[in-house]
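Chains A and B, in that order, give the protein sequences. Start counting the first sequence at 1; every next residue gets the next number (this note's numbering). Start counting the second sequence at 1001; every next residue gets the next number (this note's numbering).
Number of protein chains: 2
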Amino acid sequence: METIVRIDTLRDHVGETVTIRGWLYNKRSSKKLVFLEVRDGSGIVQAIASRSDIGDELFAVADHMAQETSLSVTGEVRAHPKQEGVFELAVKSLSVIGAVIGEYPISPKDHGTDFLMDHRHLWLRSRRQNAILKVRHEIVKSIRDYFDNHGFTLVDAPIFTPNACEGTSTLFETDYHGDKAYLTQSGQLYSEAAAMSLGKVYCFGPTFRAEKSKTRRHLAEFWMVEPEVAFMDLDGDMALAEDFLVYVVGRVLENRKEELKILERDTKLLERVQGPFPRIRYEEAIKVLQDAYDLRKSSGTLVVQSDGAVERRPEFGDDFGADEETVISSAYDRPVIVHRYPASLKAFYFKRDPEDSRLALGMDVLAPEGYGEIIGGGQREDLLENLEKGIEAHKLPREAFEWYLDLRRYGSVPHAGFGLGVERTVAWTCGLGHVRETIPFPRMLNRLGP
Amino acid sequence: METIVRIDTLRDHVGETVTIRGWLYNKRSSKKLVFLEVRDGSGIVQAIASRSDIGDELFAVADHMAQETSLSVTGEVRAHPKQEGVFELAVKSLSVIGAVIGEYPISPKDHGTDFLMDHRHLWLRSRRQNAILKVRHEIVKSIRDYFDNHGFTLVDAPIFTPNACEGTSTLFETDYHGDKAYLTQSGQLYSEAAAMSLGKVYCFGPTFRAEKSKTRRHLAEFWMVEPEVAFMDLDGDMALAEDFLVYVVGRVLENRKEELKILERDTKLLERVQGPFPRIRYEEAIKVLQDAYDLRKSSGTLVVQSDGAVERRPEFGDDFGADEETVISSAYDRPVIVHRYPASLKAFYFKRDPEDSRLALGMDVLAPEGYGEIIGGGQREDLLENLEKGIEAHKLPREAFEWYLDLRRYGSVPHAGFGLGVERTVAWTCGLGHVRETIPFPRMLNRLGP
């Protein structure tokens, strides 16, 4: 009777004879020995087949085995003579389960990104992609654990939404039994309704943007978690975002050491993600940008755009793009929270700052190292009259928001929340240059398959 | 300094003066006392305001407060004199946070389902809907915990898929930057690719069906979890489904007692959900249906359809609808697994039974009490040649499946998996007659809002 085990449990079987089932990841051989690197999803083990132990016939099988052949290997588990915590298998027998038909497309040589993306279903087998997927899993799990352990109720928001509330240009549309439906860009309005029922809620699902942008931060389909809390104000919202983010990054550091090593991530940078995060007002951020501009101007290094225009000095009312976010966040070694943006930059549902009505009680959390905004949120307008004015000022179809206005008609309360993008968080924690590797099957402007 | 607490922690504050913030759920009053039922999402507490304690002015505020007014109540926590584990508040002061503007639409009188669904954003505030949402949360969490604790990696499948593999009639279509994209009906094929990388995986997200059917079991948008395991066969698949389902139902029984009580669920029926589940072959199930038919025939109670046709005797090759599933499952007090269906009833990717090539190695788990199929799955075809034949036989576009065929070209292994529908599982565990209340904002044939 053979004992079939997973590679990540080999440490419990030293001295025993066990069977591993998996795929050949790599191989090198000499006349007398073949070293098979076998992966099974839980890890990679080196299986050493000696001609004298297994005979010429089996040795030839091992020696000629192609990369990605699926196989069963039986052998004795041994601790690696030099590397602590590493185990290997002294092969007693082996058999091929599924041969490789033709040639495995992904060879050790360098492939272009498009080629790898076309073979995403196979590329996922690489050690590096395995590591990213496991970090992603840890992030998703720690997000859910955080809210579950803090008294939040999961309330899944709908994907199909009936109204194109803020213009259709970035929405995916579908025919819904004769009506038009749009794929959700955010579950927030629904989370607000649920928070009036359950107090503390979160939704967590895929969201969609039909933007024509092709940047390293954008996907057409991405996952977002959106907590919403009744009786919480902007200060509480920032405190929640901070505590939450410290927890998530801490969990990755604690449970995904191996994966971060494979990804060659500098974990010292992640260890600095501790509260309190600096909190700066939008106007302070503008000042930082102005100082940087002034420095470039005095040194004669102002940026000239492709149309010949020279950059102008940042001023109140400017929105931040990736470049501005990088300048602002580079002054800090941990995430920085920017709050109280001009209301003109924010959606209709933000509450105005009672101390300065030009400002919205919104906040963004910018990740360090140029990873930009990973959290955006704020306190919502809770007064019916103000919200009605906001809908009018933004020229939105009032009728579509009647149900949302109901939340201010029937026992309105101060409330706040935020959204965190999973893929950007994975890119940051893994130290990736592009979000396309942070999701198993990315959907981008020019990519809908496999 | 006031101590703000949530209702579910009142037991820790007996004798203390605390503040609760929430909404008025119900009220009754006499000349000297007002009994306010206050809900805050974590529970409901009775706050007793006495005229002599709080004075005429505040007493009038309490006495005239409308249902769903949001308020803050401060008072002393007392154990209920008669009911163990119940706590109440002796009101010292209270204040209105948000008044009710107009009249709250959902009064204690009976409303029709359409009316309630139109006001779903408010209906969610009811004790019963709270209970269902909390059971749903427990089910989602226990599903994830089960797989996370058993070595599975979460691999989110894409929502946008490039091909209408099995006809477009039940697919939602969207314009994807000039191409046609379809919303996923299942992540299985992607889970299979991921299982060849990570061994044991699951995807868990929303899936979509554009069916024109209007039944108590169908939603246009529903959540599905789909585990897939390399080196697992049909027997292993059935064992996994059983162990998994026992765990999920057990978690609900353990952690959602209060909610099941509110829903008046007969928990004895759920306590019987223990392994081993009966496993019957499709052909045995047909025999059960034939016997039931014969009984009806002999007693002269055969069903006459609306077109005048009389039902015919079930035979090999028939598919099961809701009625047949109810007949089969009603013979058992726990879920029953039906396996080895005619291959003609199953999708192209099922492996044929090596002992009877008419049969596919598929299985469905039917819930008791007429709740029907909640799990469907089976062993996948792992041989390239057979899968190619299946694609041809089902007249599917070969090109669209090249990537899927790659999984059989490069180290194919036996593998199996299944899908569990969340909403049907919630309906069953909560004892609901319709799936529409199992998801926060249901999307059905005639319902796209709010």
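Cβ atoms here follow ideal geometry from the backbone N, Cα and C, with glycine treated the same way.
Positions along the stretch 1410-1435 of chain B whose CB lies within less than 7 Å of some CB in chain A: Tyr1410, Gly1411, Ser1412 and Val1413
C-beta atoms of B:Met1363 and B:Val1327 nearer than 8 Å: no
If you run the structure through DSSP and keep just helix, strand and coil, what is B:Thr1003? Coil, per DSSP.
Give a yes or no on contact between the stretch 1354-1370 of chain B and the stretch 1399-1414 of chain B, applying the rule of three or more CB pairs nearer than 8 Å. no
What span of residues does the beta strand (DSSP E) with B:Met1224 cover, start to end? Taken as a continuous stretch (DSSP letters only), the beta strand (DSSP E) holding B:Met1224 covers Glu1221 to Ala1230.
Across which residues does DSSP place B:Leu1387 in a beta bridge pair? In the DSSP output, where bridge partners are listed per residue, B:Leu1387 has none listed.
A:Leu37 - DSSP class collapsed to helix/strand/coil: Reading the sequence as shown, one finds Glu at residue 37 of chain A and not Leu. The answer is strand: DSSP assigns A:Glu37 an E or B state.
Along the stretch 168-183 of chain A, what residues have a CB closer than 8 Å to any CB found in chain B? Phe172, Glu173, Thr174, Asp175, Tyr176, His177, Asp179, Ala181 and Leu183
Can you find the residues in the same chain that come closer than 6 Å, C-beta to C-beta, to B:Phe1172, ignoring five residues on each side of it along the sequence? Leu1183, Phe1208 and Ala1210
Using only CA atoms, which one of B:Arg1358, B:Glu1369, B:Gly1187 and B:Glu1226 lies nearest to B:Lys1268? B:Glu1369
Measure the CB-CB distance between B:Thr1153 and A:Leu133 and report whether it falls below 8 Å. Result yes, Cβ atoms of B:Thr1153 and A:Leu133 sit closer than 8 Å.
Within chain B, the residues that A:Gly55 reaches when beta carbons sit closer than 7 Å: Correct list: empty, because the minimum Cβ distance to chain B is about 24 Å.
When we look at the beta-carbon of B:Phe1379 and count the other beta-carbons within 10 Å, is it buried (16 or more) or exposed? It is Gln, not Phe, that sits at residue 1379 of chain B in the sequence shown. The residue is buried, with at least 16 neighbouring Cβ atoms inside 10 Å.
Using a C-beta to C-beta distance shorter than 8 Å, which residues of chain A count as neighbours of B:Asp1063? Going along chain A, no residue has its Cβ under 8 Å from B:Asp1063, so there is no contact; the nearest lies around 17 Å.
Spell out whether any CB of chain B is found under 8 Å from the CB atom of A:Ser197. yes
For the alpha helix (DSSP H) containing B:Arg1011, name the first residue and the last one. Run containing B:Arg1011: none; DSSP gives neither H nor E here.
Contiguous alpha helix (DSSP H) assignments of at least 4 residues, all confined to the stretch 1095-1122 of chain B: 1113-1118
Touching by the beta-carbon criterion (3+ pairs, under 8 Å), the stretch 418-438 of chain A and the stretch 389-396 of chain A: Segments in contact, no.
Spell out whether any CB of chain B is found under 8 Å from the CB atom of A:Lys389. Cβ-Cβ to chain B under 8 Å: no for A:Lys389.
Relative to the C-alpha of B:Pro1158, which candidate in B:Asp1063, B:Asp1148 and B:Gly1205 has its C-alpha closest? B:Gly1205
Reducing DSSP to helix, strand and coil, say where A:Asp382 ends up. Here A:Asp382 sits in coil by DSSP.
Straight-line Cα distance separating A:Met224 from A:His434: 17 Å
For B:Pro1448 versus A:Phe160, is the C-beta distance shorter than 8 Å? For clarity, residue 1448 of chain B is Leu in the given sequence; the question names Pro instead. Here B:Leu1448 is near A:Phe160, since their CB atoms are less than 8 Å apart.
Can you pull the chain A neighbours of B:Lys1027, defined as C-beta to C-beta under 9 Å? Simply none; closest approach about 13 Å.
CB contact flag (A:Tyr104, A:Ala62, <8 Å): No, they are not a contact pair.
Provide the residue(s) that pair with B:Ala1360 in DSSP beta bridges, ordered along the chain. B:Tyr1341 and B:Arg1352
Is B:Leu1359 closer than 8 Å to B:Ala1347 when the C-beta atoms are compared? no
Rounded C-alpha distance that separates B:Asp1309 from B:Ser1298: A small fix is needed here, since residue 1309 of chain B is Ala in this sequence, not Asp. Going by the C-alpha atoms only, they are around 18 Å apart.
Check A:His137 in the structure and name its three-state DSSP category. helix
Exposed or buried, what is B:Phe1059 when buried is set at 16 or more other beta-carbons lying within 10 Å of its beta-carbon? buried
Whose CA, out of A:Glu325, A:Gly377, A:Ala331 and A:Glu373, lies closest to the CA of A:Tyr349? A:Gly377
Extent of the continuous alpha helix (DSSP H) to which A:Phe59 belongs: Arg51 to Asp63
Since A:Arg340 and A:Arg281 are thought to touch, with beta carbons under 8 Å apart, how far apart are those beta carbons, to the nearest angstrom? Yes, A:Arg340 and A:Arg281 are in contact; Cβ-Cβ is about 5 Å, under 8 Å.
Using a beta-carbon distance below 8 Å, is B:Glu1228 in contact with chain A? no
Nearest to B:Glu1271 by alpha carbon, out of B:Lys1082, B:Met1232 and B:Glu1254? B:Glu1254
Do B:Ser943 and B:Arg1021 have their C-beta atoms within less than 8 Å of each other? The requested residue 943 of chain B does not occur in the structure, where chain B is confined to residues 1001 to 1450.
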